[in-house]
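These notes are about the structure you will find just below.
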Amino acid sequence: MSRRIRTLQFALAVSLLPLIAGALAPNPVWRQWGDAATEDGKLELLTEPLISALRIGSGILGFFFAVLIALLSRFPKRASEFLSGRKDALAAWPGAFAADTRAFTERSRSFLRIDDRTVRIGFVLIWITGISLRGALLNRPMTHDESYTVVTWASGSFRYAVSDYHLPNNHIFHTLLVWFIYHFVGKSPALLRLPAFLAGGLLITAVFYLGKKFYGERTGLIAEGLAALSPFLIDYASNARGYSAFALSAVLIFILADALRRRPNRLIEATIPIVAALSFFTLPITLYPFGAMCVWLTANALTRAAGDASESGPELLAAVFRIGLATIALTVLLYLPLFHEAGTAPLFDNVFVRPLPASDFRPTMISRGLDFLDAFSDGIGPVLSGILLVGAALTLVPGRRTPVFPTAAAFLLWLAPLILWRRPNLWPRTQLYLFPFLFVWGAGGIASVGGTIAVRLRNGGKLPSGAALARAGRVLWLAVWIVLLVPALQRTARIAAIGSPHEAAIQTVLQRENREGIGTERKTDEVYFIVAPEDDAAIWYYADLHAIGKRFFDRNRPFRTVYVYVNPVNEGYEEPRTVEDVVERYGPGAAFLDWETKETVFERLPEAKLFRFDANERVIRETFGK
């Protein structure tokens, strides 16, 4: 046995002892160790779920180390040869990585090239149309969730943005992009929505190339056209949240994974974990598409049918393992500030990720499934959406035009057991990543079947030449796309023309209370604004946009004038609002207002009313001593 092997055995044995101790130590002992390592004697990071995970990890790693020690003792010569080979491979890695980078650049040029001139023109026109539809909505009224993201995290400190997760609204990586824009560029709706807008624009392009990679340029063009006009994708590309970036990353990791499936490449293998980790840092539900990607690569490796790959099954399996480990490591590293401040519970045990009760799961799943179908068919109609879903189902069977192992089957194999196990509440927005894939699968499946039928009929002399069929197909798709484009344009124009009732309410207050003085401490102290939770975030955002501080909404101070924002319809919440209800539940109480001075100063029916009151000076004096 060589000296190097003995040294390695000794190092593993020394490391094994604390791992065994960690696996066997009960949770209170772990807490004592953690508390002893801190200055204040209390390590809040060590939550019960984290301690349990550390114990399990220690046990697994300890078992792995013990097996390594045994193998080194049993096969010292082979171990020495293996280590020598790893050393040589490590020394050659920089040069190999550089070569792979050059190869990736060459392959990318070929991949990005569009050979068909008609497809090339269509690709550009569709992308311009999709970008225009999204850009026209960048200044639409700010919604509740995106407003909450801005006023809670993006407007605060960088540290708070990366370390607070009291609500999953904080899509941290996307929040940091918005944080940068808010502090260094501006805070208008259009600026704050730029990250989502750019991701949405890139998603249109990515959908084309995903379709091209799996089914060809023309199928990619059809999928791109559907993605460009999808109201659901348009809305989230003009919404300052991370869903568009999430969907984009899902498509990118599959494009990269297919390139890796075909030919090993160190740059691609390093890029996938970076893209995936940033997506996990945006939305932890990246587990859905990332897991499906791992299943897909694994299935290709196990069937030893990786297309034109020069990479064998075992090598592809090893690449999947390395990608998984690297993604986990990078994701944990990105979330360390959050884990340090709040532990793991906000991420893994918040109310939105806990499994639904078994009795509620089935009806909730049916309801969410119908919501998803409504969102998917919006803008394309039930007939076309049904055709696309049938086409997607057809891709479950490998065929001439489909990838070796169907990507749709990989999603099904991964998502079905995961959903049954976790019983999540699958809001349609959390499944936004499926839209691009359904467009690609649907177009690919229908094109495959249609192509097969056309070939048989043409061979039988019942159809014209292939060129004539191709021209007819292009004309048909152009007609369908124009039919879909008209309502998309009308919808965009209608939404773009809608003003924000929340901003109008703030502007009304500014006009009534003298714009020159409202921003001063004296004037702000005199005015108090009451709003219910369903409207508060948007009101807070527009107040901040117009330089009104948070003290404007503080009821624990004396005030002379009170404004009350009421949503009479209150769609989606427990009941319509009345001014009395808002004052009692979310204000200081009816006694603080002089109800004889009640005045309606702003009204946009059916969704908004703004009332103005003088404060009850007697109650104010008795409460605050002024």
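Start counting the sequence shown at 1419; every next residue gets the next number (this note's numbering). All C-beta atoms, glycine included, are put in the ideal place defined by N, C-alpha and C. Just so we're clear, the structure is a prediction, and the values are computed from it rather than from any experiment.
Q. Helix, strand or coil: how does DSSP classify residue 1981 here?
A. strand
Q: Throw me the rounded Cβ distance for the residue 1639 and residue 1477 pair, which I believe falls under 8 Å.
A: Their Cβ separation, rounded to whole angstroms, is 52 Å, which puts residue 1639 and residue 1477 out of contact at 8 Å.
Q.
Here's a check: name, in chain order, each residue in its chain whose Cβ is nearer than 6 Å to the Cβ of residue 1691, leaving out the five neighbours to either side.
A. 1741, 1744, 1745, 1748
(Q) Ignoring anything shorter than 3 residues, give me the beta strand (DSSP E) runs that lie fully in the segment 1588-1669, in order along the chain. (A) none
Q: Determine the burial state of residue 1982: buried for a count of at least 16 other Cβ atoms within 10 Å of its Cβ, exposed for fewer.
A: buried
Q. Could you give the residue range of the alpha helix (DSSP H) that holds residue 2019?
A. Element bounds for residue 2019: not the alpha helix (DSSP H) but the beta strand (DSSP E), 2011-2022.
Q.
Once DSSP output is grouped into helix, strand and coil, what is the label at residue 1916?
A. coil
Q: Let me know the secondary structure DSSP gives residue 1726 once reduced to three states.
A: In this predicted model, residue 1726 has a pLDDT of only 47, less than 50, meaning its place in the structure is not dependable; the value taken from the coordinates is given anyway. Reduced to three states, the DSSP call for residue 1726 is coil.
**Q.** Inside the segment 1520-1560 only - beta strand (DSSP E) runs reaching at least 3 residues
**A.** none
Q) Is residue 1571 buried or exposed, if buried means 16 or more other CB atoms sit within 10 Å of its CB? A) buried
Q. Taking the DSSP output, what are the residues bridged to residue 1422?
A. Residue 1422 is not bridged to any residue.
Q) For residue 1946, which of helix, strand or coil comes out of DSSP? A) strand
(Q) Using 9 Å as the threshold, is the C-beta distance between residue 1529 and residue 1677 below it? (A) yes
Q.
Tell me the residue span of the alpha helix (DSSP H) that contains residue 1826.
A. 1825-1840
(Q) At the level of alpha carbons, what is the spacing between residue 1482 and residue 1502? (A) 21 Å
(Q) With the cut-off set at 9 Å, would you say residue 2010 and residue 2034 are in Cβ contact? (A) yes
(Q) Just to confirm the assignment, what range does the alpha helix (DSSP H) spanning residue 1688 have? (A) 1684-1700
(Q) So, with DSSP's three-state summary, where would you put residue 1751? (A) helix
Q: Would you be able to state if there are at least three C-beta pairs under 8 Å between the segment 1955-1964 and the segment 1562-1578?
A: yes
Q) What's the call for residue 1861, buried or exposed, on a 16-neighbour Cβ count within 10 Å? A) buried
Q) Do residue 1907 and residue 1551 have their CB atoms nearer than 9 Å? A) yes
**Q.** Beta carbon of residue 1662 nearer than 9 Å to that of residue 1704
**A.** no
Q. Over what stretch of residues does the beta strand (DSSP E) that includes residue 1962 continue unbroken?
A. Run containing residue 1962: none in the beta strand (DSSP E); it sits in the alpha helix (DSSP H), 1951-1963.
Q.
Determine whether the beta carbon atoms of residue 1635 and residue 1537 lie at a separation below 9 Å.
A. yes
Q | Backbone secondary structure at residue 1819 - three-state DSSP | A | Low local confidence applies: a pLDDT of 48 at residue 1819 is under 50, so the model's placement there is unreliable, with the coordinate-based value given in what follows. DSSP places residue 1819 in coil when its eight states are reduced to three.
Q. Do residue 1610 and residue 1658 come within 9 Å of each other at the CB atom, strictly closer than that value?
A. yes
(Q) Assess contact between the segment 1639-1658 and the segment 1581-1588, defined as three or more Cβ pairs (one per stretch) separated by less than 8 Å. Is contact present? (A) no
Q: Report the rounded CA-to-CA distance for residue 2012 versus residue 2036, giving the unit in angstroms.
A: 10 Å
Q: Just confirm the distance between the C-beta atoms of residue 1592 and residue 1689, as a whole number of angstroms; I'd bet it's less than 8 Å.
A: Contact doesn't hold; Cβ gap of about 20 Å is too wide.
Q.
Can you check which of these residues, 1596, 1929, 1902, is closest to residue 1643 by C-alpha distance?
A. 1902
Q | Three-state class that DSSP yields for residue 1765 in the structure shown | A | helix
**Q.** Minimum C-alpha distance to residue 1599 - residue among 1612, 1590, 1589
**A.** 1612
Q: Starting from residue 1973, follow the beta strand (DSSP E) in both directions and report where the run begins and ends.
A: Element bounds for residue 1973: n/a, residue is neither H nor E.
Q | Exposed unless 16 or more other CB atoms sit within 10 angstroms - verdict on residue 1683 | A | buried
Q: Please look up how many angstroms separate the CB atoms of residue 1715 and residue 1665, rounded, as I've assumed it's under 8 Å.
A: Between residue 1665 and residue 1715 the Cβ distance is about 20 Å, and since that is not below 8 Å, they are no contact.
Q. For the alpha helix (DSSP H) that residue 1790 lies in, which residues bound it at each end?
A. 1776-1795
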